[in-house]
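Residue numbers (this note's numbering), protein chains in the order written: chain A, 5 to 257; chain B, 3 to 484. Note that CB positions come from ideal geometry on N, CA and C, so glycine has one too. Take a look at the structure set out below.
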Amino acid sequence: MSDALLAIRGLEVSVAGRKILNGLDLTVNTGEVHAIMGPNGSGKSTLAHVLAGRPGYEITAGTVQYQGRDLLALPPEERAREGLFLGFQYPVEIPGVNNVYLLKAAANAARKQRGLPEVDAFEFLGMVREKMQLMHMDDSFLSRGVNEGFSGGEKKRNEILQLLVLEPKLAILDETDSGLDIDALKVVAAGVNSQRSAERACVVVTHYQRLLEYVVPDFVHVLVRGRIAKSGDRSLALELERRGYDWVTGAAA
Amino acid sequence: MSESTKQIQSLIARGYQHGFVTDIDSDTVPPGLDESVVRLISRKKQEPEFLTEWRLKALRHWLTMREPHWAHLRVAPIDYQSISYYSAPRAKKDGPKSLADVDPKLLETYEKLGVPLHERARLAGVAVDAVFDSVSVATTFKDRLAAAGVVFCPFSEAVRNHPELIERYLGSVVPVADNYFAALNSAVFSDGSFVYVPPGVRCPMELSTYFRINALNTGQFERTLIIADSGSHVSYLEGCSAPQRDENQLHAAVVELIALDDAHIKYSTVQNWYPGDANGVGGIYNFVTKRGECRGRNAHISWTQVETGSAITWKYPSCVLRGDGSSGEFYSVATVNNHQQADTGTKMLHIGRDTRSTIISKGISAGHGQNTYRGLVKMLPSAHGARNFTQCDSLLMGSNCGAHTFPYVEVKNPSATVEHEASTSKISDDQLFYLLARGIDQEDAVNMIVSGFCKSVFKELPMEFAVEAQNLLAVSLEGAVG
């Protein structure tokens, strides 16, 4: 167990005195893709944010080991530099800050952590352009402000572009599929699939199983009232689709 | 009348009691201000009669004026009779002998700003020639300017060599009686810069006080006069981005720009005077009058300012758009942190036909800082078809600071167009967390957001200045969030 990429044990989290996660266990090994599904308010996004280190959550019990280290002891920027990536459900706009500038700053922050020199600006740009093609983004995205005036779909594609450029060990995608039409969903899924590898892992948080048709998970977990009520393989997602969340929430009650 | 005003009034009224006992050869005049002090300053500088009279006129008018209190500022009383109005440039022997003698905190700031080592010494007031051959640099650039016919020299030198230009243009944009601080400056100004660009000449380099080494010690009452003759172009950079420690409390400068037909003047400032400590003790009162006049047709004047220093900033770089088709611009970033206060903005006075003006103001408030934009756009009856666009954005960091906007608009010509946009925002936790989650540390994240906010102003600055301005902003907002 100690060689798991991510090991969550008995995690309990409250927000403003209300318990959201209630004894959650999850193990993610490299090479795996896990889907976390669940009804609204079951704690999916809270889990994603707590792993990324967002302030405002009170962790009352449990442990999270990431690469054998205590993840909860690290500030969010350290987690990112150690290869943990959160794809946001609602990416914010940062007016006036070039997209490519942010990409470079983020890449260099991670490289610095590993004792590597800063990226060569020219090579970096070439690499970013390649990934942008995959995400069906044109060159103008490079110089636009981060998410500034982007449509919902553009924001999500931009998140995946960052994922592709930063090549994290563990990607946590928080409802990346929400608000996407089918074409955009396919582009996003292709992006996610392109970075699947034996050295890396991905946790996909989603409400619907639609994304999972394109990003096929190794494991599916159903989150109900802050803990994992049911785990299985891809067929679990299909069964959920057929029978609805009531099937699991009823069983967990 | 407030107690402090009374105090000043009574001081002014009773005149200078200590008399004039100092020996004339001494380099510093005792505190106090009356006609004999003004005459002395003028005599020391061997000025022509017209200038002495001009100064005296200013003084006499100043004595009838009251300190302005309309700005959104809390100003501790200033005792104008306790200031010494003439002091020869500080002797090098009084300065620190080497960097080892300089306040380490100051050096730390230079380090963060990326100021080159030799320049750190100069800025800290270490005897220059020991570390940096300023003379040769100055000579090279003077030769190039002379070849182009551009005059760029200390004000006092211009008074000696070009009295006709001084007599013709001095006070023609900012009259002696313009305002309290301008009148004071007119009476006692010590030195400053003078620029004249002849017709059709494009100045071959950016003019900067960086090169004019002797401009550093011009003291509290600088006077700058820039004249761009017909069809000429000039870009002038004022100040340097490293913090200049100065014990002087009051800094009352006047800058006048004159652009004739088709002339372009671009004036950029990065101001980082000592802002006082974290508790608001000490720091410079920066009360500056800056005004440019587009006197000719299609003339153009552009002000860009990045104001991060001073305890109090009171300045409104303005444009008088007299010539038909002339245009004025004002791009400003003003930052206040700790207990700093800024009341700054611009005036665009449209007189000529088809005159245009653009105002972009970015105010950043942090700590207990109070930041005010105050602007006037005035379209006179003669300003047919004139246009103005104004955008004022405020960024708040933390909950103890303030942002205030006072835009005044007066339109007396029905064909004129005035547009005003304004916004106030806070650095959001969402923006910060987004950047943290990309591995960027807190300080860099804040700087990134702030720089993005100021981008439309920074892009107006000459390249190397823009980089320094960004670094400067980072230093002045250190610890503002978190």
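*Just the C-alpha distance for residue 210 (chain B) and residue 286 (chain B), rounded to the nearest angstrom, thanks.*
22 Å
*Closer than 7 Å by beta-carbon distance: list the chain B residues that pair up with residue 58 (chain A), in chain order.*
435
*Does the ligand FMN have a heavy atom nearer than 7 Å to the CB of residue 207 (chain A)?*
The ligand FMN is not among the ligands present in this structure, which contains no ligands whatsoever.
*What are the residues of the region 417–445 of chain B that lie near chain A, defined by any Cβ-Cβ distance shorter than 8 Å?*
430, 431, 432, 433, 435, 436, 437, 438, 439, 440, 441, 442, 443, 444
*Quick one: Cα of residue 205 (chain B) to Cα of residue 228 (chain B), how far?*
12 Å
*Any residues in the region 95–110 of chain A with a beta carbon nearer than 9 Å to a beta carbon of chain B? Which ones, in chain order?*
95, 96, 97, 98, 99, 100, 101, 102, 105, 106, 107, 109, 110
*To which residues of the same chain is residue 142 (chain A) closer than 7 Å at the C-beta, ignoring the five residues directly before and after it?*
none
*Pick from A:80, A:34, A:55 that is closest to residue 444 (chain B), judged by C-alpha positions*: A:80
_For residue 152 (chain B) and residue 81 (chain B), what's the separation of their Cα atoms in angstroms?_
40 Å
_residue 467 (chain B) classed as buried or exposed, judged by whether at least 16 other C-beta atoms fall within 10 angstroms_ = buried
*Any chain A beta carbon closer than 8 Å to residue 484 (chain B)*: For residue 484 (chain B), the predicted model reports a pLDDT of 48, less than 50, meaning its position is unreliable; a value from the coordinates is still stated below. No, because no Cβ of chain A sits closer than 8 Å to the Cβ of residue 484 (chain B).
*Whose C-alpha, out of B:223, B:266, B:396, is nearest the C-alpha of residue 234 (chain B)?*
B:266
*For residue 63 (chain B), which of B:310, B:177, B:368 has the nearest alpha-carbon?*
B:177
_Proximity below 8 Å, CB of residue 57 (chain A) to CB of residue 48 (chain A)_ = no
*Label residue 461 (chain B) either buried or exposed according to how many other C-beta atoms from any shown protein chain fall within 10 Å of its C-beta, with 16 as the threshold for buried.*
exposed
*Say whether chain B places a C-beta atom closer than 8 Å to the C-beta of residue 171 (chain A).*
no
*Anything in the region 165–196 of chain A with a Cβ closer than 8 Å to a Cβ of chain B? List those residues in chain order, please.*
166, 170
*Three or more C-beta pairs below 8 Å linking the region 18–33 of chain A and the region 236–243 of chain A*: no
_Members of the region 115–144 of chain A near chain B, C-beta cut-off 7 Å_ = none
_Do residue 268 (chain B) and residue 318 (chain B) count as a contact pair if the criterion is CB distance below 8 Å?_
no
_Closest Cα partner of residue 238 (chain B) within the set B:296, B:276, B:304_ = B:304
*Mind checking residue 181 (chain A): buried by the 16 CB within 10 Å criterion, or exposed?*
buried
*Apart from the five residues just before and just after residue 84 (chain B), which ones in its own chain have a Cβ nearer than 7 Å to its Cβ?*
33
*Got a sec: is the Cβ-Cβ distance from residue 371 (chain B) to anything in chain A below 8 Å?*
no
*In the region 351–383 of chain B, which residues sit with their C-beta less than 8 Å from some C-beta in chain A, listed in chain order?*
none
*What beta strand (DSSP E) runs, 3 residues minimum, are completely inside the region 92–165 of chain A?*
98–102
*According to DSSP, is residue 189 (chain A) helix, strand or coil?*
helix
*Three-state secondary structure (DSSP) at residue 18 (chain A)?*
strand
*In the DSSP assignment, what residue or residues form a beta bridge with residue 205 (chain A)?*
A:174
*Where does residue 230 (chain B) fall in DSSP's three states?*
strand
*chain A within 8 Å of residue 86 (chain B), Cβ atoms only*: no
*Throw me the rounded Cβ distance for the residue 101 (chain A) and residue 150 (chain A) pair, which I believe falls under 8 Å.*
5 Å
*asked:* Across the region 177–187 of chain B and the region 153–160 of chain B, are there enough close Cβ pairs to call them in contact, namely three or more that are closer than 8 Å?
replied: no
*Quick one: complete beta strand (DSSP E) runs, 3+ long, within the region 29–72 of chain A?*
37–41, 62–70
_I need the straight-line Cα distance from residue 325 (chain B) to residue 371 (chain B), nearest angstrom please._
39 Å
*Where does residue 395 (chain B) sit, in a helix, a strand or coil, going by DSSP?*
strand
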